[in-house]
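Engineer:
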Amino acid sequence: MAKITKDMTIGEILRTDETVAPVLMSMGMHCLGCPAPQAETLAEAAMVHGLDADVVEAAVNQYLEQK
């Protein structure tokens, strides 16, 4: 499994592994199916939701490692 980075778009991340959607949603990112986030980077999405991009990136990668 490739490592997810905060520079990847939400669309890229979900295409890499769609099972990360619940992880992102649990952090407050509920618009994953909307058009805008598909081209938004993880860092941009984190900023919009008032989250630390490094924390979100680490949570997604931790989930993928445990999967």
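Residues in the sequence shown are numbered from 8 upward in steps of one, following the working numbering. The C-beta atom is built at its ideal place from N, Cα and C for all residues, glycine as well.
1) Report the partner residues of T48 according to the DSSP bridge assignment.
2) Going by beta-carbon coordinates alone, are G35 and L71 separated by less than 8 Å?
3) Between the beta-carbon of L49 and the beta-carbon of A65, is there less than 8 Å?
4) DSSP on M36, reduced to helix/strand/coil?
5) Measure from the alpha carbon of A43 to the alpha carbon of each residue in E25, T23, G18, K74, then state which is nearest.
6) Can you give the Cα-Cα distance for L21 and L31, rounded to whole angstroms?
7) Alpha carbon to alpha carbon, what distance is there between K74 and D14?
Structural biologist: Judging by the given coordinates:
1) T16
2) no
3) no
4) coil
5) G18
6) 10 Å
7) 22 Å
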